[in-house]
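**Student:** Structure below; questions to follow.
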Amino acid sequence: MVSRGCGPTCSENSEMRMKSLVNLAYEVLAQGLELAWGYRGTENSSGRARGSAFASPFSSSLVRATTSEPRSDPRPDAMFTQLAVVVSRRWATGRSWLRTGLQHLRTRWCSTREAGPQRPADDMIRRTPIQRVLCVAEKNDAAKCIAEIMSDGRARRREGMSKFNKIYEYDYHLFGQNVSVSMTSVSGHLLGFEFKAPFQKWHSCNPVMLFDAVVEKYCPENMVQIKRSLEKEVRSVQALVIWTDCDREGENIGFEVIDVCKAVKPSLQVFRARFSEITPNSIRRACEALTVPDANVSDAVDVRQELDLRIGASFTRFQTMRLQKIFPASLANQLISYGSCQFPTLGFVVERFKAIQAFIPETFYKIKVLHEMEQEEKVEFSWKRNRLYNHTACLVLYQMCMEDPMATVTSVTSKPKSKWRPLPLDTVEMEKLSSRKLKINAKETMKIAEKLYTQGFISYPRTETNIFPKDLALGPLVEHQTQSPSWGAFAQRVLEQPGGPNPRQGKKTDQAHPPIHPTKYGANLQGNEGRVYEFIVRHFLACVSQDAVGQETVVDIDIAHERFSASGLMIIARNYLDVYPYDRWSTKVIPVYQQGSQFQPTAIEMVDGQTSPPQLLTESDLIALMEKHGIGTDATHADHIETIKSRMYVGLTADQRFLPGELGMGLVEGYNSMGYEMSKPNLRSELEADLKLVSEGRKDKTSVLRNYIHKYKHVFQESVRCAKKLDEALAPYLGAALEFTEAQQEALELPLPVRRCPGCGRDMVLRTKREGSGKFMSCTGYPECKAAVWFPDTVLEVSRDDSVCDTCQPRPVHMLKFKFRRGSLPPMMPLEFVGCIGGCDETLREVLDLKYLRGGAGGGGGGGGGGGGGGGGGGGGGGGGGGRGGGGGGGVGRPPPSRAGPARAPPLPAPAPSWAPQPRAPGPRAGGLGGPGAGGDVVECNCSQDALLLTVRKDGPNQGRQFYKCNSSTCNFFLWADQPEQQGAQQGGPPSRPSQPHRPSLGFGNGLPWGGGPGSATETMCNCNEVAVTRTVQKDGPNKGRTFNTCSRPRDQQCEFFQWADENVPPGSEGGRGGGGGDYNRGGGGGGYSGGGGGGGRGGGGVVKKVRRQGGATSSSGAPPATKKPRT
């Protein structure tokens, strides 16, 4: 039993090898190990256990002790005990070897362990001593029962942070030592998937975006206290044992617990208890064979949950938002949900209903022969032809029989016949039989079964197995039931039958749990709990008993060459039927007939009938179809059925059969008419098959997830494209659909987003103008948000491209495909090209004359004008004052901050347009950047206080270098004194504000250098070069109350200038113009409208006076530069 790779001891003689084995035996005994860490003896090529070839005179007894027949118990404790006894009789000095050979012992023991399989938990146990253990079950009832078993009823209960999940404390012998155990529980799934914040609200995005949106795991509000309780308890333990149900969902819940606990204590050791029933023997076996959790099984659940979220949310939002507007009278407040299992389940119901509707009955004809003897029952002989659908043909045969009615017995056959006992009970069969025999629906049945399981009355109720394992002792399980006054006598008969309990075996197994069976006698169960328990017990006893046996007699007769037959049955032994009232097999008596005898029939009749349509589905039928086509699992069938009932997609008739509702019928017909039969089971059954492969480790989680996201996204896009077919299918059931204008219809079609709205963060999409000529881009938050981009009439067509700009933020900003009117572009530009309107494509901005679309207020005051340099940039994007009277540029507007913010760094060069042969240099932006003055400017920190100039004293590459920091150490301001100047700065002192990291443009610019002159302010100018006036629309209509700018002259002298005040520029979004530049004798001009840059300072080389106001001298209600009203 010792590995040959034993290091230096291999060169020793056999006597030393024996000493090493003695030392090994004494070490095992001295340490009191009950488990030798799962070690099994390995065999060499000759088939003998390693170590059996020792040449010692003691080797014969040792070989007999170590190479006996392999035992079923993998623990070698008994072997080591025998080894110690054998060897200690011959070696009196064994204890001294324990001291001198300890190092050799450990070396050999480690190499021996490496030779055989071991439990994955082994190495972790040996690394860290375990004194306290946290056990987590799936439900509080299970935790309570397991704790009572492990503690022999002596567990101490205390409250956790969740009032529904108690904590049970006790001592237990685990990992070969006594440990303190805390047993608690969760309540099902602790975590769930959800979209990140921007995608959680229904109107936050186009539903198709949900297929690619980022999802994350979160803790629902009702589980937060359970999570906190786990985080608190795990801090004081060294090991975590997962006691959740041993199926896919239970494994995933276990990993949720692991994630929460390891986030608090990364060094935690984790183990998994495998069990199928909550009984003392099962729990003890689970403790002795702890293993590791199966990540593959958990991954399969993660894939299913994420796909269900993406598919369900996208289709549900699409259906609900569209159909509520199309059919407001019927669906105004109804959630119209979709699920990839839910719809195929609904499809089965609709398919059966439509088959009944389409059924056309046919008339058939047949001949019936009756024979009645004295004091005997009447016998009916059935026609071998069964039935004919041609009346004339049947009539001719009937007349032939009537002309020669004498019947001749052609054969009498008697043979044994058996009625098979039921197969072991799995979940699906339990749901079907409970629905059919007990009239308890599947949802209620599973709820009751789970309660019986957690109370220890039955084994785990979610299993696909109908084969009892050979090592499961059935006798004690049957013996428990002998106490019952109802079926106790039958249980005793099963124990006494030849061979004892003998189950009929099926063909399915999930390699995880045995079939459902009772684990103890339940005497006081009442109501439906008692009925379900009784059904499980009777089914189990019937399964392990014997088939019913009978004798069948078949009599064939001939009348005018037409053959008829009748059969009778005599039951010889009822066997399992005595305990299983859910099956019926009755005796049918017929007279004794002799072969070759003749008799005159009592009656020969020609009867007709009609074929009948199939019946509506029962719940049992529906579950069978779901299992056959792979829709859902045994654990989810009941939930899917309950969902289509709660959504009013189906209803139930008086005899509990499923009838589709009007909404359910319309949805299925609508999707089927699109060509994608989403109510069919094919796509979902493929997914279920792949999920099984993921759980077995035969497929990769990521590839399966990506594959089905792509498939369902394609189906979704086609469904949106053909959405009118859905409206047409629902109209016969819900009434005529509302008529919509072209623009309203376009809104219903959910155009794909181009970018995020800078104002409110919602999607901006392309829409058609009311006049139908041209496009514009607007926010989906209208009318709350009026942000819009109006394309000129020179743009004939514009559409969203799938490509995304790499520069503009926030991503994604999609490129647009433009088609321009001939002659509207410079000669070097093609009429069709793809460009970005996020602000990075300077040429496209100039061509479209786009304004910045960005929320915000104006910049702060500009820096003072130095001797030769321009003033520093103002806060919040305000342009700085220009040097020598030159005006500073305007800044991008932002909401008014509490104080002026630092100037922005210059933007990165724009990417080249798709049509340009070479990259273009960046054009001037809306708002030039002022540089530092030439004088001794004061550097301010983020607190608007003078920064402190210090020198690096520490040894290193920066020793001696000067830097600025906050004087009061209240902000994180830092700036090297020799940092290079920003673009546009003159050579001089340090910048007046710390340079900021580059942030790509979020909006649109028109590329105009909006600089102001000395002391100038900016107004909206009309085509006459006069200040425009602002007016408000008074006429009733869609634009009533909307403001616009127009020429201020009398009506007969007005130019054609017209501009909506909010066109392309949401309120407060336009940057102000730069303040006027200062010279040596006068100050700079004030900043422009809506947060323009501050005025330039006076010239000179003195200390610059900082302007801390938000804007310049002009009003903040100014308008952007005027544009000519487009002709229509």
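Number 734 in the working numbering belongs to position 733 of the sequence shown; there are no gaps in the numbering. Built from N, CA and C at the ideal position, the CB exists for glycine as well. Quick caveat, the model's predicted, so the values are computed rather than measured.
Under 7 angstroms Cβ to Cβ from E278, same chain only, skipping five residues before and after it: list those, please.
**Tutor:** On the sequence shown, residue 278 is found 277 positions in, with the first residue counted as 1. Cβ within range, chain order: S460, Y461, T520.
**Student:** Rounded to whole angstroms, what's the CA-CA distance from Y594 to L496? Just pull it up for me.
**Tutor:** The sequence position of residue 594 within the sequence shown is 593, counting from 1. The sequence position of residue 496 within the sequence shown is 495, counting from 1. Taking the straight line from one Cα to the other gives about 41 angstroms.
**Student:** Would you grab the beta carbon distance between T1 and A1062 for me? Rounded to a whole angstrom, and I think it's under 8 angstroms.
**Tutor:** Given that the chain is displayed from residue 2 to residue 1129, the structure contains no residue 1 and the question cannot be resolved.
**Student:** Comparing the C-beta of N391 with each C-beta of chain B, is any distance below 8 angstroms?
**Tutor:** Of the chains in the structure shown, none is chain B; there is only one protein chain.
**Student:** Report the residue from F349, F458, E719, D472 whose alpha carbon sits nearest the alpha carbon of M675.
**Tutor:** Residue 675 sits at position 674 when you count from the first residue of the sequence shown. Measuring from the Cα of M675, the nearest candidate turns out to be E719.
**Student:** Around the Cβ of G476, are there at least 16 other Cβ atoms within 10 angstroms (buried) or fewer (exposed)?
**Tutor:** Translated into the one-based positions of the sequence shown, residue 476 becomes position 475. The Cβ neighbour count for G476, taken over all protein chains shown within 10 Å, is under 16; the residue is labelled exposed.
**Student:** On the DSSP letters alone, give me the boundaries of the beta strand (DSSP E) that D557 sits inside.
**Tutor:** Taking the first residue of the sequence shown as position 1, residue 557 is located at position 556. It spans 549–560 - the beta strand (DSSP E) in which D557 sits, taken as one unbroken run.
**Student:** In the structure shown, what three-state DSSP assignment does S60 receive?
**Tutor:** The residue you call residue 60 lines up with position 59 of the sequence shown. Because S60 carries a pLDDT of 36, less than 50, the predicted location of this residue cannot be relied on, and the following value inherits that uncertainty. Helix.
**Student:** Which partner residues does E719 have in the DSSP bridge list?
**Tutor:** Taking the sequence shown and counting its residues from 1, the one referred to as residue 719 is at position 718. Per DSSP, none; premise fails for E719.
**Student:** From the DSSP secondary-structure annotation, give me the bridge partner or partners of S568.
**Tutor:** Locating residue 568 in the sequence shown gives position 567, where the first residue counts as 1. S568 is bridged to V555.
**Student:** What's the call for N576, buried or exposed, on a 16-neighbour Cβ count within 10 Å?
**Tutor:** Within the sequence shown, residue 576 is the residue found at index 575, counting from 1. Buried, because 16 or more other Cβ atoms sit within 10 Å of the Cβ of N576.
**Student:** Alpha helix (DSSP H) containing A724: first to last residue?
**Tutor:** Taking the sequence shown and counting its residues from 1, one reaches residue 724 at position 723. That run of the alpha helix (DSSP H) goes 724–735.
**Student:** Between the stretch 371–378 and the stretch 702–718, do three or more beta carbon pairs fall short of 8 angstroms?
**Tutor:** No, they do not touch.
**Student:** Please identify the residue among P582, R722, E195, P221 whose C-alpha is closest to the C-alpha of L211.
**Tutor:** Residue numbering aside, residue 211 sits at position 210 when the sequence shown is read from its first letter. If we check each option's Cα against that of L211, E195 comes out closest.
**Student:** Going by the beta-carbon positions, is the gap between V533 and I624 smaller than 8 angstroms?
**Tutor:** Within the sequence shown, the letter at position 532 stands for residue 533. Within the sequence shown, the letter at position 623 stands for residue 624. No, these two residues do not count as a Cβ contact at 8 angstroms.
**Student:** Alpha carbons only, please: which of K820, R763, L845, F365 is nearest the one belonging to P813?
**Tutor:** Mapped onto the sequence shown, residue 813 falls at position 812. Minimum Cα distance to P813 is reached at R763.
**Student:** How would you label E149, buried or exposed, when you count the other beta carbons within 10 angstroms and need 16 or more for buried?
**Tutor:** Position 148 of the sequence shown, counted from the start, is the residue given in the question as residue 149. Under this definition E149 is a buried residue.
**Student:** Any idea which residues DSSP pairs V805 with across the strands?
**Tutor:** Position 804 of the sequence shown, counting from 1, holds the residue named residue 805. DSSP lists H815 as partners of V805.
**Student:** With DSSP collapsed to three states, give me the class of A240.
**Tutor:** The residue given as residue 240 occupies position 239 in the sequence shown. The answer is strand: DSSP assigns A240 an E or B state.
**Student:** Quick check: the Cα distance between P425 and C342, rounded to an integer number of angstroms?
**Tutor:** Working through the sequence shown from its first residue, we reach residue 425 at position 424. Working through the sequence shown from its first residue, we reach residue 342 at position 341. Approximately 27 angstroms between the Cα atoms of the pair.
**Student:** Tell me which same chain residues have a C-beta within less than 7 angstroms of the C-beta of A639, skipping the five on either side of it?
**Tutor:** Taking the sequence shown and counting its residues from 1, one reaches residue 639 at position 638. Counting only Cβ-Cβ distances below 7 angstroms, and skipping sequence neighbours, we find E432, A443, K444, M447.
**Student:** What three-state label does DSSP hand K164 in the structure shown?
**Tutor:** As a position in the sequence shown, residue 164 is number 163, starting the count at 1. Assignment of K164 by DSSP, reduced to helix, strand and coil, places it in the coil class.
**Student:** Is the CB-CB distance between M649 and L664 below 8 angstroms?
**Tutor:** Sequence index remark: in the sequence shown, residue 649 carries index 648 (1-based). Sequence index remark: in the sequence shown, residue 664 carries index 663 (1-based). Cβ atoms of M649 and L664: closer than 8 angstroms.
**Student:** Count the other C-beta atoms from every protein chain shown that fall within 10 angstroms of the C-beta of R823, then say buried if there are 16 or more, exposed otherwise.
**Tutor:** For the purposes of this step, residue 823 is identified with residue 822 of the sequence shown, where counting begins at 1. Classification of R823: exposed, given that the 10 Å Cβ count is below 16.
**Student:** Below 8 angstroms, can you find three or more Cβ-Cβ pairs linking the stretch 542–551 to the stretch 391–408?
**Tutor:** By the Cβ test, the stretch 542–551 is not in contact with the stretch 391–408, since fewer than three Cβ pairs between them sit closer than 8 angstroms.
**Student:** Starting from S152, trace the alpha helix (DSSP H) both ways and give me its first and last residue.
**Tutor:** If you number the sequence shown from 1, residue 152 lands on position 151. First-last of the alpha helix (DSSP H) with S152: 141–152.
**Student:** Can you tell me whether L739 is buried or exposed? The criterion is at least 16 other CB atoms within 10 Å of its CB, across all chains shown.
**Tutor:** In the sequence shown, the residue the question calls residue 739 occupies position 738. Under this definition L739 is an exposed residue.
**Student:** In or out: D691 buried (at least 16 other Cβ within 10 Å) or exposed?
**Tutor:** Translated into the one-based positions of the sequence shown, residue 691 becomes position 690. D691 comes out buried.
**Student:** Buried or exposed for Q512, going by 16 or more other Cβ atoms inside 10 Å?
**Tutor:** The sequence position of residue 512 within the sequence shown is 511, counting from 1. Exposed, since its Cβ has fewer than 16 Cβ neighbours within 10 Å.
**Student:** So, using beta-carbon positions, are V429 and D635 closer together than 8 angstroms?
**Tutor:** Within the sequence shown, residue 429 is the residue found at index 428, counting from 1. Within the sequence shown, residue 635 is the residue found at index 634, counting from 1. Yes, they are a contact pair.
**Student:** Going residue by residue through the stretch 632–707, where are the continuous alpha helix (DSSP H) segments of at least 4 residues, counting only ones entirely within it?
**Tutor:** 638–647, 663–674, 683–696
**Student:** I need the straight-line Cα distance from Q983 to E307, nearest angstrom please.
**Tutor:** Start at 1 with the first residue of the sequence shown, and residue 983 comes out as number 982. Start at 1 with the first residue of the sequence shown, and residue 307 comes out as number 306. Note that Q983 scores 39 on pLDDT, short of 50, meaning its location in the model is unreliable and no value can be drawn from it.
**Student:** Thinking C-beta only, is S181 closer than 8 angstroms to N141?
**Tutor:** For this step, residue 141 is matched to residue 140 along the sequence shown. For this step, residue 181 is matched to residue 180 along the sequence shown. No, these two residues do not count as a Cβ contact at 8 angstroms.
**Student:** Would you kindly report the start and end of the unbroken alpha helix (DSSP H) that includes D260?
**Tutor:** In the sequence shown, residue 260 corresponds to position 259, counting from 1. That run of the alpha helix (DSSP H) goes 249–265.
**Student:** Taking 8 angstroms as the cut-off, does the stretch 215–224 touch the stretch 720–734 (at least 3 CB pairs, one atom from each stretch)?
**Tutor:** Too few Cβ pairs lie closer than 8 angstroms, so no.
**Student:** With DSSP as the reference, please indicate the residues paired to N1046 in a beta bridge.
**Tutor:** Taking the first residue of the sequence shown as position 1, residue 1046 is located at position 1045. In DSSP, N1046 forms a bridge with T1031, Q1060.
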